[in-house]
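Heads up: the sequence shown begins at 16 in the numbering used here, then just goes up one per residue.
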Amino acid sequence: MSREIHCPMGDGHLEADDDEQLLEKVRAHAAEAHPELTDEQIQQVMAGAHDSH
Ligand SMILES: [Zn+2]
Numbered sequence: 016m017s018r019e020i021h022c023p024m025g026d027g028h029l030e031a032d033d034d035e036q037l038l039e040k041v042r043a044h045a046a047e048a049h050p051e052l053t054d055e056q057i058q059q060v061m062a063g064a065h066d067s068h
């Protein structure tokens, strides 16, 4: 079981083994694709993480 998130900006999804690694991926993706996102907004994105299936 892994964790995934759908980017709220609608450009794909990110997947990792656990929330900690997922946060790293979200941060890396945001830095590259959505540099306007604040840390607070990234935390809100993380709140939408769910188990992948
Ligand atoms: Zn994105």
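Glycine included, each C-beta is placed from N, C-alpha and C at the ideal position.
Taking its Cβ as the centre, do 16 or more other Cβ atoms sit within 10 Å of H28, making it buried, or is it exposed? With fewer than 16 other beta carbons inside 10 angstroms of its own, H28 counts as exposed.
Any C-beta of chain D under 7 Å from that of H21: Looking for chain D here will not work: only one protein chain is present.
Proximity below 7 Å, CB of L37 to CB of A31: Using a Cβ distance threshold of 7 Å, L37 and A31 count as a contacting pair.
Following the continuous beta strand (DSSP E) through L52, name the residue where it begins and the one where it ends. Run containing L52: none; DSSP gives neither H nor E here.
Of all the options I20, H68, E51 and T53, which has the alpha carbon lying nearest to the alpha carbon of E35? Checking every option, the nearest Cα to that of E35 belongs to I20.
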